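Encoded as structure tokens, the structure appears first; notes follow it.
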Amino acid sequence: MPIPKKDSALQRKSAKDLVYETLCDWIIRGEMMPGEKLLDTELAAYFNVSRTPVREALQMLETQKLIKVTPGRATTVAGVDKNDIEKCYRPLAEIQGLAARLAAPRLTEAQLARMEEVQMGFEEACRADQAEKAIHCDNKFHEVILRAVDNEYIMEFSHMLLLHVQRIKYHYFRRDMLRKTSVEHHRDILKALYDRDADLAAELMRSHWLYVMERCLREVEVEGVQ
Numbered sequence: 141m142p143i144p145k146k147d148s149a150l151q152r153k154s155a156k157d158l159v160y161e162t163l164c165d166w167i168i169r170g171e172m173m174p175g176e177k178l179l180d181t182e183l184a185a186y187f188n189v190s191r192t193p194v195r196e197a198l199q200m201l202e203t204q205k206l207i208k209v210t211p212g213r214a215t216t217v218a219g220v221d222k223n224d225i226e227k228c229y230r231p232l233a234e235i236q237g238l239a240a241r242l243a244a245p246r247l248t249e250a251q252l253a254r255m256e257e258v259q260m261g262f263e264e265a266c267r268a269d270q271a272e273k274a275i276h277c278d279n280k281f282h283e284v285i286l287r288a289v290d291n292e293y294i295m296e297f298s299h300m301l302l303l304h305v306q307r308i309k310y311h312y313f314r315r316d317m318l319r320k321t322s323v324e325h326h327r328d329i330l331k332a333l334y335d336r337d338a339d340l341a342a343e344l345m346r347s348h349w350l351y352v353m354e355r356c357l358r359e360v361e362v363e364g365v366q
């Protein structure tokens with residue numbers, strides 16, 4: 141199993157969280173590809189922990205459909221399922237739309253300025269073809285909105301869905317057209333939020349996520365990913 145170079149900063153985390161968060165990040169970023177085997181003994185040695193926290197982390201990843209466990213055979217990184225794209229993006233579009241609606245009258249001037257700053261970084265990253273930086277800025281843009289809502293349930297459900305969407309984004313956000321359109325969508329959403337137009341912000345946000353979903357589904361058809 142190819143394992144990325146160890147980051148000493150990770151040692152500050154608890155054993156289970158260390159294993160879970162690191163494996164989750166590797167899978168989402170594509171450093172561990174679909175079909176790669178995960179051996180608990182090898183992982184335990186890598187993280188310098190017992191097999192118990194490794195198994196607990198693997199159980200969490202299995203629940204989140206990021207890995208596939210075949211009893212008596214192997215534990216492998218799960219593939220990108222076309223059906224999961226729609227299952228994740230449709231509810232995420234509704235939740236994010238609701239978040240934009242609720243955030244519109246609540247966003248402070250400082251938060252709006254932060255979104256403007258993040259948007260500038262997003263556009264620069266897209267122009268420079270820096271996909272990873274663009275994804276980071278995209279996440280920050282939506283995070284400001286979620287925090288402005290101040291609703292732990294919206295935050296929790298959104299983050300759970302975004303966990304799966306992140307993996308899809310890393311795979312498809314390198315497409316130039318998707319980045320270009322996302323820049324335009326962000327500008328429109330930000331303007332609606334500046335104008336305190338809750339209805340428009342909600343509709344633009346919802347449409348944005350559904351557009352990304354449709355683009356990803358078309359890419360899946362072209363690539364034949366299953």
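Residue numbering for the sequence shown follows the numbering used here, starting at 141 and increasing by one per position. Each residue gets a CB set at the ideal place from its N, CA and C atoms; glycine is no exception. Source: prediction; values computed, not measured.
Item                                                                                                              : Value
Coil, strand or helix - Thr248 by DSSP                                                                            : coil
Same chain, Cβ closer than 8 Å to Val258, five either side skipped, listed in chain order                         : Cys277, Lys280, Phe281, Val284
Closest by C-alpha distance to Glu292, when choosing among Leu344, Gly261, Ala338, Ile235                         : Ile235
Contact under 8 Å by Cβ, Val371 with Glu176                                                                       : It is not possible to answer for residue 371, since the shown part of the chain is limited to 141 through 366.
Spatial neighbours of Arg319 in its chain, beta-carbon cut-off 8 Å, leaving aside the 5 residues before and after : Cys266, Ala271, Ala274, Phe313
Alpha-carbon spacing of Leu158 relative to Asn223, whole angstroms                                                : 30 Å
Environment of Ser298 [buried if 16+ CB atoms lie within 10 Å]                                                    : buried
DSSP-derived helix/strand/coil call for Lys273                                                                    : helix
Pick from Met300, Cys356, Leu179 that is closest to Gly212, judged by C-alpha positions                           : Leu179
Residue ranges of each alpha helix (DSSP H) within the segment 172-225, 4 or longer                               : 180-187, 191-203
Backbone secondary structure at Gly237 - three-state DSSP                                                         : helix
When Ala184, His325, Met172 are compared against Lys109, the one with the closest alpha-carbon                    : Residue numbering for the chain in the displayed model covers 141 to 366; residue 109 lies beyond these limits and cannot be assessed.
Per-residue DSSP class, three states only, for Asn279                                                             : helix
Backbone CA spacing between Ala250 and Ile308 [nearest angstrom]                                                  : 31 Å
Endpoints, the alpha helix (DSSP H) within which Arg169 is located                                                : 155-169
Contact under 8 Å by Cβ, Pro245 with Ala332                                                                       : no
Rounded C-alpha distance that separates Met345 from Met255                                                        : 14 Å
Coil, strand or helix - Asp328 by DSSP                                                                            : helix
Cβ-Cβ distance between Ala214 and Ala243 below 8 Å                                                                : no
Three-state secondary structure (DSSP) of His358                                                                  : Sequence inspection shows Arg at residue 358; the His mentioned does not correspond to that position. Correct three-state label for Arg358: helix.
Own chain residues within Cβ distance below 6 Å of Val194, not counting five before or after                      : Val159, Asp180, Leu183, Ala184
Distance between Glu324 and Glu202 (C-alpha atoms, nearest Å)                                                     : 36 Å
beta-carbon Val220 near the ligand MG non-hydrogen atom, thresh 7 Å                                               : Absence of the ligand MG from the depicted structure is noted, as is the absence of any ligand whatsoever, leaving it without description.
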